[in-house]
Amino acid sequence: MEGKMNNYAKIALSSLMALSLVACSGGKYKAGTYTGVAAGRNGDVKVEVTVSANKIESVKVVEQQETESIAAEALTTVPEAIVKNQSANVDTVSGATITSKAIIEAAKNALEQAGAKDDGSAKKHENVKVTYKEGTYTGTGTGYNGPINLTVTFTKDGISEIDYSDNKETNHIGTPAFDYLVADAKEANGAGIDVISGATFTSIGFKNALIDAAKQAEASDLDGFKKNTVEHKAGEAIEKTTDVVVVGAGGAGMATAVQSAQNGNSVVVLEVNAEIGGNTVASGGQFQSAQSYLVWDPADPDATTGVYKGVTYNKVHNATGNIKVLKEILNWNEKEFDSKYFDNTPFVAGDIETLSHAGVHAEYLSTLKELKSEIQAYLNWAQPQLDAGKAEGEITLFSTPNLHIFQTYYGGLRPNAEKTSWIYGSYDLVKQFVDGGQDLKGWLENQGAIFDNSIQPIIVGALWNRENDFKGSDLDGDGTPDPDGKNVKGKTVWNTYFATTKKTLLETAANHADNEIMLRTKVTELITDKDGKVVGVKGVQYDGTPVTIHAKKGVVLATGGYAADIKRVMETNDYWADGDITTHTRTTNRSSLVGSGIDMGVAVGAETTGMGFAQMMPISWVDNGNLAFGGGHYAIYINPTTGKRFVNETGERDVLSLAEFENGVSFNGTNGTIMDIANSNQLVPGPYPYGTPKDEDLTLWESDVKDRQYTRTVDQLGELFKQLGFECTQEEVINTIKEYDMALMTGTENTLNPTKTGWTTLIGTAEKDENGKYIVDTYKLEGVKLKIRLLAPSTHHTMGGLAVDTQRHVLDKDGNIIKGLYAAGEVTGGIHGGNRLGGNAIVEIFVSGRTAADTIVADNK
1 MEGKMNNYAK
11 IALSSLMALS
21 LVACSGGKYK
31 AGTYTGVAAG
41 RNGDVKVEVT
51 VSANKIESVK
61 VVEQQETESI
71 AAEALTTVPE
81 AIVKNQSANV
91 DTVSGATITS
101 KAIIEAAKNA
111 LEQAGAKDDG
121 SAKKHENVKV
131 TYKEGTYTGT
141 GTGYNGPINL
151 TVTFTKDGIS
161 EIDYSDNKET
171 NHIGTPAFDY
181 LVADAKEANG
191 AGIDVISGAT
201 FTSIGFKNAL
211 IDAAKQAEAS
221 DLDGFKKNTV
231 EHKAGEAIEK
241 TTDVVVVGAG
251 GAGMATAVQS
261 AQNGNSVVVL
271 EVNAEIGGNT
281 VASGGQFQSA
291 QSYLVWDPAD
301 PDATTGVYKG
311 VTYNKVHNAT
321 GNIKVLKEIL
331 NWNEKEFDSK
341 YFDNTPFVAG
351 DIETLSHAGV
361 HAEYLSTLKE
371 LKSEIQAYLN
381 WAQPQLDAGK
391 AEGEITLFST
401 PNLHIFQTYY
411 GGLRPNAEKT
421 SWIYGSYDLV
431 KQFVDGGQDL
441 KGWLENQGAI
451 FDNSIQPIIV
461 GALWNRENDF
471 KGSDLDGDGT
481 PDPDGKNVKG
491 KTVWNTYFAT
501 TKKTLLETAA
511 NHADNEIMLR
521 TKVTELITDK
531 DGKVVGVKGV
541 QYDGTPVTIH
551 AKKGVVLATG
561 GYAADIKRVM
571 ETNDYWADGD
581 ITTHTRTTNR
591 SSLVGSGIDM
601 GVAVGAETTG
611 MGFAQMMPIS
621 WVDNGNLAFG
631 GGHYAIYINP
641 TTGKRFVNET
651 GERDVLSLAE
661 FENGVSFNGT
671 NGTIMDIANS
681 NQLVPGPYPY
691 GTPKDEDLTL
701 WESDVKDRQY
711 TRTVDQLGEL
721 FKQLGFECTQ
731 EEVINTIKEY
741 DMALMTGTEN
751 TLNPTKTGWT
761 TLIGTAEKDE
771 NGKYIVDTYK
781 LEGVKLKIRL
791 LAPSTHHTMG
801 GLAVDTQRHV
811 LDKDGNIIKG
821 LYAAGEVTGG
831 IHGGNRLGGN
841 AIVEIFVSGR
851 TAADTIVADN
861 K
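Position one of the sequence shown corresponds to residue 1 (UniProt numbering), numbered consecutively onward.
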């Protein structure tokens with residue numbers, strides 16, 4: 001309290017000083033120091049402006065949370081420009097427009113307090129002539145995934161060629177921006193060009209690389225070069241009528257569009273980014289759905305193989321610890337869920353043994369009873385084998401849709417931060433996407449999608465081995481996944497699928513000649529008729545061209561969530577502790593995921609649900625928030641201060657993130673930073689879309705990346721910890737690894753603190769006997785290469801969104817259908833409760849998109 005009073009006293013004293021100075025002034029300004037505030041990209045930007053009677057003496061940015069790599073130049077040059085020009089009407093800095101505008105607006109606010117009047121004459125940059133030393137130069141900038149190297153050929157007075165082939169940007173996310181940027185840069189003869197929506201980091205890296213090349217070419221006016229731009233002029237207004245309008249071209253949107261076209265409806269898809277794919281194209285590309293041919297079959301319990309589309313596959317096996325989970329479910333209390341149970345018993349997210357005592361919500365009771373019957377039949381078969389000494393990892397996996405439904409339920413059953421209310425997924429919506437997922441693979445395969453049909457892997461926070469590993473799509477008919485251009489590494493797994501959906505929509509589906517995908521088009525509002533029915537959309541293209549699309553049958557919102565709007569996540573948060581999420585928190589999402597569809601729905605009366613719950617991705621790179629991929633079944637998570645494990649690494653995503661915030665450290669300003677340690681022979685699930693990784697993939701995995709990942713033997717750990725500034729010792733981490741591995745080898749993982757479930761391998765190495773059990777005497781850690789990754793939570797998925805029914809109608813505050821309006825994917829709420837299981841989003845967006853398309857047919861009969 002004392003600190004707060006001191007702050008208040010300082011503010012009051014500052015105000016009195018300003019008033020005293022004002023009383024003595026008689027010129028252009030009321031002399032003094034004034035503070036203005038405006039919204040930046042990541043939060044408020046506070047600017048302090050000092051003026052004398054007739055002069056702006058200084059401008060200082062005193063508080064801000066902007067991303068340093070983007071905003072650094074603006075934070076320095078914009079205040080200097082205001083002082084130099086004696087006006088806040090100055091140019092923004094290319095690549096940092098939002099930050100620049102925030103500084104300018106905050107300065108204007110401060111100057112208005114000083115008595116200045118804005119004459120509205122904002123300074124407009126006029127392109128200047130720039131000449132160069134003719135030749136070809138290579139400039140470098142930092143993109144989203146690494147360096148962007150531009151080979152730029154300059155003539156005496158312009159840019160003739162720009163080769164951007166040397167880059168690591170993600171196909172269909174960053175790479176679509178290049179052609180637009182090249183064209184604009186040539187026309188502008190400069191780097192003051194607009195960033196491309198959805199590819200902000202790529203655009204900024206490109207522009208910085210271009211400036212670097214211009215420096216080498218001895219540009220005659222480098223400041224002018226940085227500002228030279230292209231003014232895109234609006235074209236003639238576009239107006240069109242179609243059966244179905246889809247807003248957003250990610251997984252949900254394209255599923256809606258393709259199913260609508262297959263149903264015989266004409267479709268127009270509007271996408272704000274420069275390419276289709278949305279956030280789905282940035283995902284790991286796996287979806288959850290149990291495949292009966294790969295798991296235990298009660299009709300043929302001893303079967304070791306199963307058949308899918310005429311091909312025989314080996315059954316998959318349990319991860320060790322699965323049976324413990326099944327037994328906890330088998331003992332679940334069947335009474336009505338009673339939150340008062342936790343009045344005297346602490347709730348710990350992920351502790352299902354404790355949660356099971358509180359009961360079950362009535363709508364899930366029948367599923368629980370059916371599941372218990374399934375589990376009991378399985379244990380009657382499996383337990384004798386375990387008692388006879390067979391390793392759990394050698395026994396066929398149990399997996400059913402009922403298990404998927406129930407784990408989605410309890411994995412999302414969460415209280416709010418104050419423990420005053422609970423949230424969980426709607427049974428009908430959960431059952432709908434789980435059941436719909438059973439034929440999703442076949443639907444995708446009919447379009448050319450290719451899966452690894454021999455496995456059911458697990459990803460972080462999924463709780464079970466039931467992922468379907470997508471490998472790409474076959475457009476050329478040779479039966480193998482098509483390559484996706486030069487860059488086939490990383491998050492490109494869905495790219496060929498989106499190429500397939502585009503082809504289906506624009507070439508092969510019903511009414512294909514009337515179907516259209518409009519890129520770089522931002523929808524701004526829904527059109528309603530006099531009765532409140534949604535009958536179309538209005539929007540604007542990147543160049544200002546107005547767009548109006550009328551819908552004869554329905555409008556589907558598929559715009560995704562709002563995880564890229566950190567400020568909104570913080571404002572709506574009702575789950576994470578104060579201070580966990582800050583303006584420094586990063587996101588795995590594309591920059592366009594800011595909740596625009598939710599806002600448009602609300603504007604026509606839609607209800608929202610679950611808005612207080614945002615999911616953090618616990619395995620995000622500490623340096624940029626990007627999804628690092630992987631899973632906790634083969635790794636351990638280490639506290640950088642104590643050198644000890646702190647969580648069951650196979651738990652739900654919120655469980656892992658909560659533990660990281662509590663046990664991690666602040667690393668370069670990022671909260672919750674921890675070490676993910678695994679045997680370097682263990683490839684990370686996710687980054688390799690085409691099956692077995694190639695040599696270059698292995699090199700990427702094994703290489704060091706500063707402040708991101710390192711490969712070391714145990715005797716080299718101490719030096720690494722010192723380099724990173726971590727307090728843990730080499731000895732502490734070695735002891736943790738050995739204790740962990742020994743418990744796994746001897747079947748005593750329950751004695752670990754915390755325990756471990758669902759694990760698949762050791763950190764060190766050891767041989768196995770004929771029953772699949774480890775031979776302890778063969779254990780080895782010394783000399784084994786370890787992979788150490790620095791990870792931290794970043795925003796990943798927002799569970800809240802528009803309220804919908806199972807037909808995907810959008811509902812108003814009274815639960816009534818808003819006619820003509822549908823929604824699919826992450827823009828909707830009520831499905832995942834307070835925490836989403838890994839792999840559930842992909843299956844849900846496709847199922848909900850197809851459902852919305854089918855509902856439109858039913859509603860228009």
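No residue lacks a Cβ here, since even glycine has one placed at the ideal position from N, Cα and C.
* Coil, strand or helix - residue 789 by DSSP -> strand
* If you draw a straight line from the alpha carbon of residue 460 to that of residue 648, how long is it in whole angstroms? -> 11 Å
* How is residue 187 classed by DSSP in three states: helix, strand or coil? -> helix
* To do: Express the C-alpha separation of residue 771 and residue 657 in angstroms, rounding to a whole number.
  => 36 Å
* CB of residue 495 within 8 Å of CB of residue 393, strictly -> no
* Thinking residue 557 and residue 802 are a contact (beta carbons under 8 Å), I'd like their distance in whole angstroms, please. => 7 Å
* To do: Using three-state DSSP, classify residue 157 as helix, strand or coil.
  => coil
* Cβ-Cβ separation, residue 350 to residue 333 (assumed contact under 8 Å), whole Å -> About 18 Å separates the beta carbon of residue 333 from that of residue 350, a gap too long to meet the 8 Å contact definition.
* Count the C-beta pairs between the region 815 to 824 and the region 634 to 652 that are closer than 8 Å, then say yes if the count reaches three, no if not. => no
* Please classify residue 293: does DSSP put it in a helix, a strand, or coil? => helix
* Local conformation of residue 312 per DSSP, three classes -> strand
* In three-state terms, what does DSSP make of residue 664? -> coil
* Quick one: measure Cβ to Cβ for residue 109 and residue 36, integer angstroms, because I've assumed they're closer than 8 Å. => 3 Å
* To do: Say yes only if the C-beta of residue 739 is nearer than 7 Å to one or more non-hydrogen atoms of the ligand ATP, and no if none qualify.
  => Looking for the ligand ATP in the displayed structure turns up nothing, as the structure carries no ligands at all.
* **CA-to-CA distance, residue 80 to residue 868, given in whole angstroms** => One cannot answer for residue 868 here, as it falls past the ends of the chain, which runs 1 to 861.
* **Those residues which DSSP pairs with residue 48 across a bridge** => 35, 60
* Three-way DSSP call (helix, strand, coil) for residue 800 in this model -> coil
* Contact check, residue 207 vs residue 277, beta carbons under 8 Å -> Judged by their CB atoms, residue 207 and residue 277 are not nearer to each other than the 8 Å cut-off.
* Buried or exposed by the 16-neighbour rule on C-beta atoms within 10 Å, applied to residue 696 -> Caution applies to residue 696, whose pLDDT of 43 falls short of 50 and renders its modelled position unreliable; the value that the coordinates give is listed next. Residue 696 should be labelled exposed.
* To do: In angstroms with no decimal places, state the Cα-to-Cα distance between residue 853 and residue 444.
  => 16 Å
* Asked: Do you know offhand how far residue 481's Cα is from residue 471's?
  -> 7 Å
* Contacts around residue 476, its chain only, beta-carbon distance under 8 Å, and the 5 residues preceding and following it disregarded -> 482
* Asked: Are at least three pairs of beta-carbons, each pair with one atom in the region 828 to 837 and one in the region 408 to 419, less than 8 Å apart?
  -> yes
* Asked: Should residue 271 and residue 249 be called a contact, given that it needs their Cβ atoms to be closer than 8 Å?
  -> yes
* To do: Compute the distance between the beta-carbons of residue 399 and residue 303, then report whether it is under 8 Å.
  => no
* Asked: Do residue 573 and residue 625 come within 8 Å of each other at the CB atom, strictly closer than that value?
  -> no
* Going by the beta-carbon positions, is the gap between residue 791 and residue 620 smaller than 8 Å? -> yes
* Excluding the five sequence neighbours on either side, which residues of its own chain have a C-beta within less than 6 Å of the C-beta of residue 314, listed in chain order? -> Closer than 6 Å at Cβ, skipping near neighbours: 305.
* To do: Evaluate the contact criterion for the region 562 to 578 versus the region 762 to 770: three or more CB pairs, one atom per stretch, below 8 Å.
  => no
* Validate contact between the region 502 to 520 and the region 164 to 173 using beta carbons, cut 8 Å, 3 pairs -> no
* What residues in its chain sit with their C-beta under 7 Å from that of residue 220, if we drop five residues either side in the sequence? -> 130, 131
* With distances taken between CB atoms, is the gap from residue 785 to residue 713 smaller than 8 Å? -> yes
* **Among 778, 448, 408, the one whose alpha carbon lies nearest that of residue 503** => 448
* To do: Taking only the alpha-carbon atoms, compute the straight-line gap between residue 616 and residue 222 and give it to the nearest angstrom.
  => The alpha-carbon atoms of residue 616 and residue 222 are separated by roughly 42 Å.
* Which residues in the same chain have their Cβ closer than 6 Å to the Cβ of residue 867, if we skip the five residues on either side of it in sequence? -> Because the chain here runs from 1 to 861, residue 867 falls outside it and cannot be looked at.
* Asked: What is the DSSP secondary structure of residue 618, reduced to helix, strand or coil?
  -> strand
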